[in-house]
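For reference, the structure is listed below as C-alpha cells.
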Amino acid sequence: MPHKHMECSATWWFLAAVSLLANFASPAYADTLSTPWPQTQSDLKADSNVHFGTLANGMRFAIMRNATPPGQAAIRFRIGSGSLEENDNQQGLAHFLEHMAFKGSTHVAEGEMIRILQRKGLAFGPDTNAHTSYDETVYALDLPEVDADTLSTGLMLMRETASELTLDAGALDRERGVILSEERLRDTPQYRAGLGIMNSLLAGRRATMRPPIGKADIISNAPVDLVRDYYRANYRPDRATLVVVGDIDPAAMEREIRQRFGDWKAVGPAPAQPDLGTLETKGESADVLVVPGGMTNIQIAWTRPYDAAPDMFAKRRTQLIEDLGLMVLKRRVSNLASKADAPFISAGVGSQDLLDSAHVILIAANSEPDKWRAALTAIDLEQRRIQKFGVSQAEIDREILEYRSALQAALAGAATRTTTDIASMLASSVDDNQVFTSPAEDLSLFETITNGVTAAEVNQALQHAFSGNGPQVVLQTAQSPQGGAETVRQVYDASKAIAVSAPSSAADVAWPYTHFGEPGTVVERRAVDDLGLTMVRFSNGVRLTVKPTKLRANEVLVREDIGRGRLDLPRDRPAPIWASPAVALSGVNAMDYQDIQKALTANIVGIDFSVGDGSFKFDGRTRTEDLATQLQLMTAYTSDPAYRPEAFKRVQQAYLSGIDQYQATPGGVVSRDLGGLVHSGDPRWTFPGRAQLSAAKPEDFEALFRPMVSSGPIDITIVGDVTVDDAIRLTAETFGALPPRLQTAPSNDQGNVHFPANNKPVVQTHSGRADSAAAIVGAPVGDLLSDLPRSFTANIAVQIFQNRLIDQFRTAEGASYVLEGDVNLSRELPGFGYAYFYVETNPAKIARFYALVDETADDLRSHVVSTDELARARGPIIETLKHQRQGNEYWIEYLRGAQTDSRRLDRIRDNLSGYDKVTAGDIRAFAATYFGPEKIWKFEVLPAAVR
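Written as C-alpha cells, this is what we have:
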C-alpha cells in the first residue's frame with residue numbers, strides 16, 4: 026500500500042462528512058482511456074504478490090492469492106466514472122445506475138440477483154454492495170466459498186453489470202422512491218456541513234456542482250434513456266478494473282477473467298472529458314456556514330492545485346515530510362484540548378488531496394457554541410507559532426518513532442491480512458492512481474525517506490504548506506454570530522495581532538508502571554480442549570481466559586471485565602454513564618493521557634473504557650511483543666486511576682455540543698431514544714437530556730466509576746498470537762499481583778427490566794425535513810442463554826421477515842432505502858430480549874409499513890415457509906458466522922463470562938449446528954408465539970411540522 030496521508034481525529038470532520046455524500050468513497054478523477062497501471066510509470070515497486078494485467082480491450086485486472094480467512098474470496102469491480110461525468114440533465118444518474126445493476130440484466134431476471142447471492146450465502150449489504158463517488162462506481166462481492174460455481178457466479182454477475190444491464194423503464198420507476206429515500210437519509214447536518222465546506226475549499230472546480238446523490242427533480246423525472254446514455258458512454262472496458270483476492274488459483278482466475286470479459290466492447294467513441302474547472306485563487310478570507318442542528322466548528326485552511334504527477338518516490342517523500350510537520354502541529358493542538366482551561370473540545374490537523382481537485386491543509390477545532398472565538402485564537406496562535414519557530418528535532422523523532430512502529434506492526438501482520446481488506450485497499454489504490462506497495466516496501470520506503478530527516482527540512486515543508494490559497498477561515502455554526510463573516514474576520518485579525526512565543530520544551534517521560542508487586546499465584550487451571558481455551562484463576566480472585574490463535578499474525582486482543590456494569594448501577598435515578606470515555610482520557614495518577622502516549626510512543630497499545638449491561642470494560646489491541654506493556658497499561662488504569670475533572674468536562678462539552686444533531690433527523694431520534702424505550706424507561710439505558718448533562722459534576726463522575734473499577738471482580742480475556750504460558754505469566758505480573766478482589770456471586774437480579782407493553786404507538790418528533798420519518802415495530806422474545814435453540818430460530822425468522830419486507834416495501838413499492846430487522850437477545854438480563862424491524866420513509870407511508878408488517882406476521886404464523894426461502898435466510902447467517910469465527914474479535918466477545926457460565930461455551934459450540942437444525946415448522950411456531958398482534962410494540966418519529 027502507498028503511504029496514506031495522515032489520519033486525524035474526529036475533528037478532521039469535514040473530510041469524513043464528504044464521504045457521506047452518498048456512501049461515496051473519497052474520490053479522484055476518472056481514468057483516461059486504457060490507463061496503464063501506475064507502477065509502469067513509477068520508480069516504486071508494486072507488491073509482487075499481486076498479479077496485474079490488462080486485457081486487449083483495455084480492462085485492467087489484479088489478482089492476489091490470500092488465505093486469510095481460508096476458503097473465501099472478494100471481488101471489486103471498479104468503473105472509473107462517477108458523478109463528474111454526468112451531463113447537467115443527468116445529475117444523480119451515475120448513482121441511479123449503480124442501483125439498477127441489481128435490477129435485471131440479460132441473463133439475470135429482475136429480482137433474481139439478490140436471491141442468487143443469498144443461495145450462495147451472501148447477505149445483501151454486508152457481502153453485496155456498491156458505492157458511487159465523483160469519479161468511480163465500485164461493486165463489491167465478498168464470497169463465502171471459493172468453489173468453482175461460486176467464483177463463476179460472482180464473475181458472471183460482474184460481467185452482467187459491465188454491459189448487460191436491461192435498464193427496464195418500469196424497474197427504474199420503482200427504484201426512484203428508494204433513491205429519494207436515500208437522499209433524505211443522507212441529508213443530515215453533518216452532510217450539509219461537509220458539502221458546504223467542500224464547496225468553499227474547491228470553489229471553481231466541477232466537483233462543487235456534482236454531488237453524487239444528484240438532484241431530486243432529476244431522480245424523480247429522468248427518462249430511462251438518459252440512464253442508458255450514461256451507461257453506454259461510461260461503462261467501458263478501458264475505464265474498468267477488476268480486483269479478485271482470496272483463496273484462489275491466480276492462473277485459473279486469470280483464464281476465467283479473460284474468457285468472461287475478453288469480448289466486452291465499448292459502445293461508440295469515448296466521451297469527451299468534462300471540464301473540471303480551475304481552483305479559484307483566494308487570499309485571506311472569512312466566512313460563516315450556518316447549519317441548523319450542527320456542531321460549532323472553526324477551521325483555517327490553505328489550498329493549492331492538485332498535483333496529478335505519477336506516484337513516484339520523490340512525490341511520496343515530499344508528502345511524508347509535510348505530514349511529519351503537520352503531525353507535530355496536530356499533537357500540539359491535541360495537547361491543548363486536554364488542558365483544564367482548553368479553548369476547544371477537540372482539534373485536528375491534516376492534509377489531503379480532496380477529490381483530486383485541490384491539496385488541502387486544514388486546522389480545525391470543535392468548540393462550545395459561545396467559545397468559537399477562543400478556539401479560533403488558539404489554533405491561529407499554534408499555527409503561527411509553528412510557522413515562525415518551527416518544530417524541534419525531538420518532536421520529529423517522536424513522530425517518526427510512532428509511525429515506524431505502526432509500519433512494523435503492519436509488516437508483522439502482513440501474512441494474515443484479510444481478503445476483504447486487501448481487495449478494498451487494492452481498489453482504493455486504483456482510485457488514488459497509486460502504486461500498490463507491500464507492507465515490507467512501505468517500511469523500507471519510510472526508512473529511506475526518514476533517514477537523516479532534519480527539523481530544518483520539515484520546517485521548510487511547513488512554510489510551503491501554509492503558503493497556498495488562504496488562510497481561509499470558516500465558522501460552522503447553528504446560528505450566525507451578529508455581524509456574520511465580518512465578526513469572524515475581526516476575531517481573526519485580533520488574534521493575528523498577538524505575538525507568538527517559542528514553544529516550551531517538553532520533558533521526556535518514562536513509563537513508571539512496570540511492577541505491581543509479587544506475581545500472583547495460580548490456584549486453578551483447566552483446559553477446554555475442544556475450543557482451545559485455558560482458564561485460570563489467581564489467588565487474588567482475578568480470572569484469566571486465554572485463546573491462542575494464528576488468525577492474525579502478531580495481533581493480541583485483551584479485554585478486562587469488571588463487575589456487572591449497568592446491573593451494578595442504581596435503577597431509581599440517572600447516573601453519568603455517558604461520561605465513560607473520560608475514564609481513559611483521564612490517564613492515571615502518575616501521568617495524564619498525553620504523557621502516557623508520549624511514554625509509550627514506541628509501543629503498539631490501546632486503551633478504551635465503556636459500560637456494558639454486564640460489566641465495566643477496558644479494551645486493548647496490541648502486538649505480541651507489546652503484550653506486557655498492554656497489560657501494564659490496563660492494570661495501571663485499574664489500580665491507580667485518575668478521574669481528572671478536565672477530562673470529564675471535555676466529554677460533557679462534546680455531548681452538549683452534539684446533542685442537537687440527534688433531534689435533526691428521524692434516525693438520530695431513534696438512536697438517542699430507543700435504548701431507554703425498549704427498557705421501559707430504565708435510567709441505566711436512557712440517553713441523557715441537556716439538563717441532565719449540564720447538571721452533572723466531575724465528582725459525580727468519580728463517585729460513579731471509582732468504586733466499581735477499584736474493587737469489582739476482574740475477568741481478563743486474552744485472544745491472539747500468544748502462548749498460554751506467556752499470557753499467564755504476564756497476567757500474573759500485572760493483574761495477578763493486585764490486592765484481592767471481592768467475588769460477587771452470580772445473580773439473576775435484572776432490576777425489573779422489561780420490554781414495554783403493547784399500547785398505542787410511542788410518537789416522537791424530529792426537527793428535520795417534513796418528508797422524512799422513521800418507524801420501529803418490536804416484539805419481546807426472551808434472553809439468549811436460557812434457550813439457545815430459540816435464538817437460532819429467532820435469527821432466521823427475523824431474516825425471512827426482513828427479506829419479505831424488503832422485497833415488497835423497498836423493491837416493489839420503492840418506499841424506503843433503509844429497512845432492516847434484527848434480534849437483540851440479552852446475555853445478561855434473564856428473560857429480556859426482542860426482535861424489531863426498522864424503516865425510514867415518508868410520513869405518509871408509515872401506515873403502509875405497519876400494515877405490511879401485520880400481513881407478513883400473519884402469513885408466517887399461518888403458513889410454512891418454502892425450502893428455498895429458508896435456505897436463503899439461513900445461508901448468509903451461517904456464512905457470516907463462519908467468517909466472524911476467523912477473527913480474534915469474535916472470540917474476545919463470545920468468551921466473556923465463560924468461566925462462570927458454561928452456557929456461553931455451549932453457544933460457541935452450537936452456533937453453526939444450531940442454525941442447521943432449524944426447520945420450516947420451527948419458523949412457523951416461532952412466529953405464532955412471538956409475532957402475534959398482541960405482542961407488537963410500535964415507535965415512530967415524525968417531523969414536527971406533520972405532528
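Numbering-wise (this note's numbering), the sequence shown opens with residue 26 and increments by one. We put the beta carbon where it would ideally sit given N, CA and C, even for glycine. The structure displayed is predicted, hence computed values, not measured ones.
Query                                                                                                                        : Result
Leu227 beta carbon less than 7 Å from that of Ser382                                                                         : yes
Whether Thr153 touches Leu168 by CB criterion (7 Å)                                                                          : no
Option in Trp62, Arg410 and Thr756 with minimal Cα separation from Leu354                                                    : Arg410
Simplified DSSP assignment, three categories, for Phe471                                                                     : helix
Beta carbon of Ile104 nearer than 7 Å to that of Tyr260                                                                      : yes
Own chain partners of Thr512 with C-beta closer than 6 Å, once the 5 adjacent residues on each side are dropped              : Pro506
Contact test: Glu853 Cβ vs the ligand MN heavy atom, cutoff 6 Å                                                              : Looking at this structure, you won't find the ligand MN or any other ligand, since it has none at all.
Sheet register partners of His76 (DSSP bridge)                                                                               : Ile88
Check whether Thr647 and Ile632 have beta carbons under 7 Å apart                                                            : no
Presumed contact (8 Å Cβ cut-off) between Thr626 and Phe760, rounded CB distance                                             : The pair is not a contact, with the Cβ atoms about 24 Å apart (cut-off 8 Å).
Residue closest to Gly393, alpha-carbon to alpha-carbon, out of Gln824, Leu406, Ala362 and Lys70                             : Inspection of the sequence shows that residue 393 is occupied by Glu rather than by Gly. Closest by alpha carbon: Ala362.
CB of Phe712 within 7 Å of CB of Pro601, strictly                                                                            : no
Cβ-Cβ distance between Gly566 and Pro814 below 7 Å                                                                           : no
C-beta contact flag for Gly737 and Val203 at 7 Å                                                                             : no
CB-CB length for Ala607 against Phe673, believed under 8 Å                                                                   : 5 Å
First and last residue of the uninterrupted alpha helix (DSSP H) at Thr626                                                   : From DSSP, Thr626 is part of no alpha helix (DSSP H); its letter is neither H nor E.
Coarse secondary structure for Leu558, derived from DSSP in three states                                                     : strand
Reference Ile222; option with closest CA among Gly846, Asn114 and Thr233                                                     : Thr233
Beta-carbon gap between Ile273 and Gly179 smaller than 7 Å                                                                   : no
Rounded separation between Phe634 and Gln911 - CA only                                                                       : 25 Å
Per-residue DSSP class, three states only, for Phe641                                                                        : strand
For Ala434 and Pro368, the rounded distance between their alpha carbons                                                      : 35 Å
Buried versus exposed, by CB contacts within 10 Å (16 or more), Ser696                                                       : exposed
Val292, buried or exposed, once every other Cβ within 10 Å from all chains shown has been counted against 16                 : exposed
Straight-line Cα distance separating Asp941 from Ala4                                                                        : A question about residue 4 goes unanswered here, because the residues of the chain that appear run from 26 up to 972.
Cβ contact (3+ pairs, closer than 8 Å) linking the stretch 923-932 and the stretch 747-757                                   : no
Assigned exposure category for Ala55 - 16 Cβ within 10 Å defines buried                                                      : Legend: pLDDT at Ala55 = 36, less than 50; position of this residue unreliable, no value from coordinates given.
The stretch 541-558 / the stretch 713-725 touching (three or more Cβ pairs under 8 Å)                                        : no
Close Cβ partners of Ala481 (< 7 Å) along its chain, the five nearest in sequence each way excluded                          : none
Candidates Lys70, Phe641, Asn112 and Leu699: closest to Ser605 by CA position                                                : Phe641
Inter-residue spacing [alpha-carbon to alpha-carbon] between Thr888 and Arg199                                               : Correcting the residue type first, residue 888 is His in the shown sequence and not Thr. Going by the C-alpha atoms only, they are around 29 Å apart.
4-residue-minimum alpha helix (DSSP H) runs that sit fully inside the stretch 752-834, ordered along the chain               : 813-830
Three-pair Cβ contact test at 8 Å for the stretch 109-120 versus the stretch 459-466                                         : no
Beta-carbon contacts of Val823 that lie in its chain and below 6 Å, excluding the five residues immediately before and after : Gly846, Val848 and Ala860
When Glu111, Ala365 and Glu281 are compared against Ala297, the one with the closest alpha-carbon                            : Glu111
Beta-carbon proximity list for Phe874, same chain, < 7 Å, skipping 5 on both sides                                           : Ala800, Phe834, Val864 and Thr866
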